[in-house]
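Remarks on the structure that follows.
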Amino acid sequence: KTNNNQYLSNYYYLLARANDSVLSSLYFDSCRYVLPKLPEAKLQNFQYHAYIVDYFLKNNQLDSALFHCKKAEEISALINDDEVNCHYLGCYESYYLAKEDYKNVWKHRKMVDSVESNYFTSNTKIVLDSIDKRRIFAEKDEKIYSYENRQRVYLVVIISILLILIVIYISGRRLNKKNKELQESNESRDRLFSIISHDLRAVVFSIKDLSKSESNIDKIRNASNSLLLEFDSLLHWSAKHLDNLEYNPKIIDVNEKIDEILSLSSFQSNLKNIEVEICFKEEFVVYADENMFKVILRNIINNAIKYSEPERKIRVMAAEENGTFSLSIKDSGFGFSHKYTNKGLGLGLELCKDFLNINNGELIIESSTSGSVVTILFPIEESN
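To convert, take the position in the sequence shown, counting from 1, and add 1; that gives the working numbering.
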């Protein structure tokens with residue numbers, strides 16, 4: 002009876018595999034009804050669970066398919082046959098392919114390959130079956146590769162878009178920075194022209210008045226020197242903004258440069274009857290670029306003269322401490338906050354700050370309504 006039931010069960014699940022869904026369901030039910038119970042008819046029980054997996058997958062009943070995959074796996078452990086193991090692993094592979102879980106598809110594919118390698122060379126039938134399976138696997142591979150290629154394309158597109166956005170963002174920031182620098186340069190240029198026209202006009206008119214008398218030759222010479230100083234400031238400003246500024250630091254005799262600048266500024270101080278008092282006798286040196294040092298010193302002294310009341314005194318003080326030279330110029334004007342709104346001081350102060358930074362120096366301003374003290378700091382020797 003057991004043998005007859007085994008044959009009947011084989012007959013029913015063969016019919017089930019050969020017919021449509023409705024008839025397949027009936028034949029599988031009949032197979033299950035006549036199928037001997039375990040531990041008898043192990044192979045027939047395994048085949049029932051393994052073949053019905055395809056039926057449930059075709060009808061998209063994935064939970065039922067997984068249940069019979071597990072049943073087939075349990076029975077395969079009782080049979081201990083490589084072909085049976087390949088069969089239930091193939092059931093898992095088909096199940097995960099239906100779920101589009103390609104990671105587990107690859108996992109069970111490798112397990113099938115590993116088991117098949119144990120018996121391919123000893124069984125011709127298995128080799129032929131394997132060829133057929135490889136054909137099926139190739140079709141599955143195509144789906145997997147197509148899926149993975151789509152994922153790669155999506156990833157490349159996303160990364161490309163991100164890179165383009167980053168490039169656009171960086172380019173926009175650079176463009177905004179350049180536009181801001183250009184705007185600041187244009188504003189500085191307009192201020193410079195206003196300052197130069199204001200100061201040059203005053204000097205030119207002074208020369209014109211002095212030229213009426215031959216006794217004013219020395220004054221005209223001093224006024225001409227003052228005019229040259231204005232052009233010199235313009236030249237340095239242009240060099241700074243055109244990136245053509247040369248920096249050649251060396252040891253400079255401070256006393257000599259102060260005398261030189263005061264001599265060139267004597268025309269302006271004499272016009273207002275301002276006395277410039279040197280409040281030190283020591284000899285000092287600094288390590289800086291000579292042209293920049295002269296521009297800084299000239300701007301500070303000229304501003305002190307320009308914004309001091311007539312018949313007042315300007316004091317020049319100097320000291321040296323811990324390798325740093327300090328030069329202070331005290332005027333008797335209206336204080337820095339008031340002076341800053343006047344023409345000429347803003348750009349000159351900006352130029353001084355830039356040159357001091359280049360020479361590792363520092364600018365300190367102390368201001369009150371009774372005047373200002375402007376101090377510049379320089380190293381006295383080359384720093385490490």
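Here a beta-carbon is modelled for each residue, glycine too, at the ideal position from N, C-alpha and C.
- In this structure, the CA atom of cysteine 353 is about 13 angstroms from the CA atom of alanine 289.
- A residue is called buried once 16 or more other Cβ atoms fall within 10 Å of its Cβ, and valine 54 is buried on that count.
- Counted as a single uninterrupted DSSP element, the alpha helix (DSSP H) harbouring aspartate 114 occupies residues 103-117.
- Of Leu378, Tyr93, Lys331, the smallest CA-CA separation from serine 371 is found for Lys331.
- Here the stretch 247-258 makes contact with the stretch 276-292; the two share three or more CB pairs at distances below 8 angstroms.
- Restricting attention to Pro311, Asp82, Glu310, Ser327, the CA atom closest to the CA of phenylalanine 281 is found in Ser327.
- Tyrosine 93 sits in a helix when the DSSP states are folded into three classes.
- Counting along the chain, no alpha helix (DSSP H) covers lysine 100, and no H or E run does either.
- In the DSSP assignment, lysine 331 is bridged to Arg316, Val374.
- At a Cβ-Cβ threshold of 8 angstroms, leucine 357 and isoleucine 377 count as neighbours.
- The continuous alpha helix (DSSP H) containing isoleucine 259 extends over residues 255-265.
- A contact between stretches requires three or more CB pairs, one per stretch, nearer than 8 angstroms, and the stretch 70-78 meets this requirement with the stretch 39-50.
- The alpha-carbon of valine 286 is positioned some 9 angstroms away from that of proline 380.
- Residue pairing by DSSP places proline 250 opposite Asp290 in a beta bridge.
- Separation of glutamate 117 and histidine 109 (C-alpha to C-alpha, rounded to the nearest whole angstrom) is 12 angstroms.
- Here DSSP, grouped into helix, strand and coil, assigns serine 309 to coil.
- DSSP places isoleucine 76 in the uninterrupted alpha helix (DSSP H) bounded by 63-80.
- Beyond the five residues adjoining it in sequence on each side, serine 270 comes within less than 7 angstroms, by CB distance, of Val277, Ile306 in the same chain, given in chain order.
- Here glutamate 367 carries a strand assignment [DSSP, helix/strand/coil].
- With respect to alanine 51, cysteine 92 sits close: the two C-beta atoms are nearer than 8 angstroms.
- Here DSSP, grouped into helix, strand and coil, assigns phenylalanine 281 to coil.
- The C-beta separation of tyrosine 103 from isoleucine 137 comes to about 16 angstroms, leaving the pair out of contact by the 8 angstroms criterion.
- Within the same chain, and ignoring the five residues on either side of serine 333 in sequence, the residues whose Cβ sits closer than 8 angstroms to its Cβ are Ser309, Glu310, Arg313, Lys314, Ile315, Ser371, Gly372.
- With fewer than 16 other Cβ atoms from the protein chains shown falling within 10 Å of its own Cβ, tyrosine 148 counts as exposed.
- Tyrosine 248 and isoleucine 359 have their alpha carbons spaced roughly 8 angstroms apart.
- CA-CA distance, aspartate 142 to phenylalanine 57, rounds to 22 angstroms.
- Counting only the Cα atoms, leucine 163 lies some 48 angstroms from isoleucine 365.
- Measuring C-alpha to C-alpha distances from tyrosine 97 to each of Asp82, Asn86, Leu63 identifies Leu63 as the nearest.
- Taking the C-beta atoms as reference points, valine 375 is found no nearer than 8 angstroms to isoleucine 262.
- From the listed residues Lys179, Glu382, Asn187, the smallest Cα separation to glycine 324 is found for Glu382.
- The beta carbon of isoleucine 80 lies closer than 8 angstroms to those of Lys43, Leu44, Phe47 in the same chain, with the five residues before and after it left out.
- Distance from the CA atom of phenylalanine 68 to the CA atom of valine 113, rounded to whole angstroms, is 20 angstroms.
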